[in-house]
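The sequence shown begins at 1 in full-length UniProt numbering and counts up one residue at a time. Every residue, glycine too, gets a C-beta built ideally from N, C-alpha and C. Keep in mind it's a predicted model, so treat the numbers as computed, not measured.
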Amino acid sequence: MARIEICLLEDVPANGNRAFVAEGVSILLCRSGAGVFALENMCSHATAALEGGRMKGPFLFCPLHGMRIDVRDGCPSGQLTTRRVRTYPATLEDGRVFVEIG
Ligand code: FES
Numbered sequence: 001m002a003r004i005e006i007c008l009l010e011d012v013p014a015n016g017n018r019a020f021v022a023e024g025v026s027i028l029l030c031r032s033g034a035g036v037f038a039l040e041n042m043c044s045h046a047t048a049a050l051e052g053g054r055m056k057g058p059f060l061f062c063p064l065h066g067m068r069i070d071v072r073d074g075c076p077s078g079q080l081t082t083r084r085v086r087t088y089p090a091t092l093e094d095g096r097v098f099v100e101i102g
């Protein structure tokens with residue numbers, strides 16, 4: 001598993017998200033009061049990028065059908081699917097965001 005520096009924390013809007021490509025994977029960094037979390041930038045319901053989805057606390061809402069996803073573990077809520085969105089360990093160090101990809 002490779003630990004990759006993705007960006008500065010300030011590159012991700014507070015209570016928002018932003019996608020970055022690392023190791024050929026589109027990673028969505030989500031920033032909430034609980035910290036910064038990394039998910040695959042693809043909804044587990046259908047083929048839709050999650051970037052730009054509304055954030056509320058630790059939850060991200062898919063821009064296409066509005067499914068609620070817990071950014072801490074990728075678990076969805078509701079009836080659309082029970083499949084989790086893949087997550088990656090994310091850490092902060094000196095204001096920089098690192099993600100373990102592999
Ligand atoms: S594609 Fe995300 S909820 Fe349907």
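Contact check, residue i vs residue j, beta carbons under 9 Å
i: residue 6; j: residue 38; result: yes
i: residue 100; j: residue 4; result: yes
i: residue 16; j: residue 67; result: no
i: residue 23; j: residue 102; result: yes
Residue i beta carbon near the ligand FES (any heavy atom closer than 8 Å)
i: residue 60; result: no
i: residue 74; result: no
i: residue 55; result: no
i: residue 66; result: yes
i: residue 48; result: yes
i: residue 43; result: yes
i: residue 8; result: no
i: residue 28; result: no
Same chain, Cβ closer than 7 Å to residue i, five either side skipped, listed in chain order
i: residue 41; result: 19, 26, 27, 28, 49, 50 and 51
Residue(s) in a DSSP beta bridge with residue i
i: residue 103; result: Nothing about residue 103 can be read from this structure; the chain reaches only from 1 to 102.
i: residue 7; result: 97
i: residue 55; result: 60
i: residue 12; result: Answer by DSSP bridge pairing: none, since residue 12 is not bridged.
i: residue 87; result: 39
Limits of the unbroken beta strand (DSSP E) element including residue i
i: residue 68; result: 68-70
Close-in-space but distant-in-sequence residues of the same chain around residue i (CB under 6 Å, 5 per side omitted)
i: residue 83; result: 44
i: residue 75; result: 84
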